[in-house]
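By UniProt numbering, the letter at position 65 of the sequence shown is numbered 65, and the numbering carries on one by one without gaps. Some notes on the structure that comes next.
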Amino acid sequence: MTFDYNGYDLKFIQCDKCNDESKHLYTKIYKFFSPITHYSYIIRAEYHELDVYAIKFYCKQFRHSDFKYSKIVNKGDFGNIIITCLKVIPILLQEQSTVSFAFTGARTVDTKSLKVESHVNTQRFRIYKNIVSKKIGTQTFSHFVNEQASSYLLINNQARNVSVKKREIENMFKETYDDLHNI
């Protein structure tokens with residue numbers, strides 16, 4: 001499978017400070033429009049202590065849903081959508097050259113059939129893993145996958161010790177998102 005997509009133009013919306021006393025400090029919010037799905041999408045780049053962004057996105061029409069990250073639009077534009085989400089990486093790197101990134105492939109929740117995908121090696125995670133490993137090189141980042149958590153880490157190679165940084169970030173996310181798989 002090839003991923004020769006250009007993605008779409010991003011528009012920065014705002015930066016929201018997080019006041020919940022967690023390790024999550026602020027969120028940069030972007031949006032884009034897919035002419036194929038005819039939907040707008042929201043990207044949330046959530047900055048945390050340890051100099052790491054968790055990148056999340058959802059279709060704007062699902063913004064009020066508890067399952068907004070788990071719903072599938074299924075209109076055949078996932079390649080452009082994922083590539084557009086990855087476009088925040090060079091933008092944020094330009095602002096903070098030492099930052100790392102994390103993605104988690106939310107499990108699919110189909111409210112009509114009442115089916116819930118396992119949190120292990122989700123469909124979204126498999127797609128992210130395939131695209132990210134092909135589109136983002138190893139000069140700036142070390143790549144780490146965790147199939148049990150359906151997560152992908154890009155640890156910035158400027159870290160003093162990449163392995164220690166990986167472990168610290170994983171532990172911080174476990175504390176911050178302790179209900180990650182409890183849908």
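Even glycine gets a Cβ: it sits at the ideal position worked out from N, Cα and C.
Between the alpha carbons of residue i and residue j, how many angstroms are there, rounded?
i: Ile-183; j: Gly-105; result: Its pLDDT being 39, under 50, Ile-183 is placed unreliably in this model, and the value from its coordinates should be taken loosely. Taking the straight line from one Cα to the other gives about 14 Å.
i: Asp-51; j: Phe-101; result: 9 Å
i: Arg-160; j: Lys-166; result: 11 Å
i: residue 241; j: His-48; result: No answer is possible for residue 241: it lies beyond the span of the chain, which begins at 1 and ends at 183.
Specify the secondary structure class of residue i as computed by DSSP and reduced to three states.
i: His-52; result: The sequence shown places Val at residue 52, rather than the His named in the question. Val-52: strand per DSSP, three-state reduction.
i: residue 186; result: The displayed coordinates of the chain run from 1 to 183. Any statement about residue 186 would go beyond what the structure contains.
i: Lys-17; result: strand
i: Asn-121; result: coil
i: Ile-91; result: helix
i: Met-172; result: helix
Sort the options by Cα distance to residue i and report the nearest one.
i: Phe-103; options: Lys-165, Phe-32 and Ala-149; result: Ala-149
i: Glu-46; options: Tyr-39, Thr-27 and Arg-63; result: Thr-27
i: Glu-117; options: Leu-86, Gly-76 and Ser-70; result: Ser-70
i: Leu-93; options: Leu-114, Ser-133 and Thr-140; result: Thr-140
i: Lys-11; options: Phe-33, Cys-18, Asn-19 and Asp-20; result: Phe-33
i: Thr-98; options: Val-73, Arg-124, Tyr-58 and Tyr-53; result: Tyr-53
Where does the unbroken beta strand (DSSP E) through residue i begin, and where does it stop?
i: Lys-31; result: 24-34
i: Phe-141; result: 141-146
i: Ile-155; result: 151-156
Give the range of the alpha helix (DSSP H) segment to which residue i is assigned.
i: Phe-78; result: 78-86
i: Ser-97; result: That residue, Ser-97, is in no alpha helix (DSSP H); it is neither H nor E in DSSP.
i: Ile-74; result: It should be noted that the sequence gives Asn, not Ile, for residue 74. Looking at the DSSP string, Asn-74 is not in any alpha helix (DSSP H), and its letter there is neither H nor E.
Query raised in the report: Looking at C-beta atoms only, is the number of pairs between the segment 1-16 and the segment 80-87 that lie closer than 8 Å three or more?
Result: Contact holds: three or more Cβ-Cβ distances are below 8 Å.
**Report entry** Segment contact flag, the segment 171-178 with the segment 129-137, C-beta cutoff 8 Å, min 3 pairs
**Finding:** Counting C-beta pairs with one atom in each stretch, the segment 171-178 and the segment 129-137 have fewer than three that are closer than 8 Å, which means they do not touch.
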